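*Asks:* Residue numbers (full-length UniProt numbering): 1 to 217.
Yeah, the Cβ is synthetic: ideal placement off N, Cα and C, and Gly gets one too.
On a predicted model such as this, the values are computed, not experimentally measured, just so you know.
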């Protein structure tokens with residue numbers, strides 16, 4: 001079964017390029033396009049995409065507002081990858097906080113775009129962890145102490161969250177902690193549930209925002 005992708009960008013040339021890349025890859029298909037975030041709710045309801053490639057800056061409804069709306073109104077929202085021109089775009093971290101699962105640069109190579117889609121669909125590793133760490137350094141507050149104390153994470157779950165924030169996949173975490181992969185998946189699921197996070201990107205953003213982990217380490 002193919003991964004269904006919705007393209008949202010106000011530039012027709014960008015949409016055409018993304019469509020060519022996605023449709024040429026086995027197991028991926030573009031099911032629709034939009035030129036503005038205002039069109040996204042209706043298209044998502046009708047087309048049920050698995051992933052939305054969302055331009056972060058659009059003239060009417062931008063990618064942050066569109067992402068926020070999806071996450072708050074759709075029972076099982078698609079994964080959102082925001083697309084931006086600049087890696088240090090102030091909008092990108094806001095989009096991650098709003099619920100996006102990662103981001104892509106518009107100059108990304110075709111294989112990077114395909115890999116990004118597959119990464120967020122699989123949900124077992126973090127999309128571009130080093131870049132997210134840099135964004136957190138610029139935007140996340142630095143509160144004193146452990147802001148996740150009230151979440152009730154066990155010590156093992158805290159270890160897993162730290163390794164998630166470092167960008168390790170479930171398989172890598174299993175190797176680091178000498179655990180089975182299925183056990184790691186269970187711990188990750190518990191972390192997401194206790195933090196109220198939709199996916200591991202949201203859990204990691206929460207970890208940075210709370211001061212549980214810091215961009216420097």
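Are the beta-carbon atoms belonging to residue 67 and residue 98 less than 7 Å from one another?
*Replies:* Contact flag set, yes.
*Asks:* Can we count residue 165 as close to the ligand FMN, meaning its CB is less than 6 Å from some heavy atom?
*Replies:* Only the bare structure without any ligand can be found here, which leaves the ligand FMN out of the picture.
*Asks:* Output the boundary residues of the alpha helix (DSSP H) element that contains residue 94.
*Replies:* Element bounds for residue 94: 90-98.
*Asks:* I need the DSSP call for residue 39, collapsed to helix, strand or coil.
*Replies:* Residue 39: helix per DSSP, three-state reduction.
*Asks:* Compare the Cα-Cα distances from residue 9 to each of 197, 53, 201 and report the closest residue.
*Replies:* For the residues 197, 53, 201, the minimum Cα distance to residue 9 belongs to 53.
*Asks:* Relative to the C-alpha of residue 166, which residue among 71, 72, 5, 126 is closest?
*Replies:* Of the candidates 71, 72, 5, 126, the one whose C-alpha sits nearest the C-alpha of residue 166 is 126.
*Asks:* Shortest alpha-carbon distance to residue 156 belongs to which of 30, 205, 179, 81?
*Replies:* Measuring from the Cα of residue 156, the nearest candidate turns out to be 179.
*Asks:* By Cβ distance, which residues of its chain are closer than 7 Å to residue 65, with the 5 residues on each side in sequence left out?
*Replies:* So the qualifying residues of the chain are 37.
*Asks:* Who are the Cβ neighbours of residue 43 in its own chain at under 7 Å, not counting the five residues just before and after it?
*Replies:* The residues are 6, 32, 34.
*Asks:* Which one of 11, 192, 209, 63 has the shortest CA to CA distance from residue 160?
*Replies:* For residue 160, the nearest C-alpha among the options comes from 192.
*Asks:* Kindly indicate the opening and closing residues of the beta strand (DSSP E) around residue 53.
*Replies:* Where residue 53 is concerned, the enclosing beta strand (DSSP E) stretches over 51-55.
*Asks:* Would you mind working out which of 3, 152, 55, 175 sits nearest residue 105, comparing C-alpha positions?
*Replies:* If we check each option's Cα against that of residue 105, 55 comes out closest.
*Asks:* Where DSSP assigns a beta bridge to residue 30, which residues make up the other side?
*Replies:* DSSP output for residue 30 lists 5 as bridge partner(s).
*Asks:* Where DSSP assigns a beta bridge to residue 106, which residues make up the other side?
*Replies:* None, per the DSSP bridge assignment.
*Asks:* Alpha carbon to alpha carbon, what distance is there between residue 213 and residue 109?
*Replies:* Cα to Cα, residue 109 sits roughly 31 Å from residue 213.
*Asks:* Have a look at 137, 124, 4 and flag the residue whose alpha-carbon is nearest the alpha-carbon of residue 26.
*Replies:* Answer by Cα proximity: 4.
*Asks:* What's the C-alpha gap between residue 169 and residue 163?
*Replies:* C-alpha separation (whole angstroms): 8 Å.
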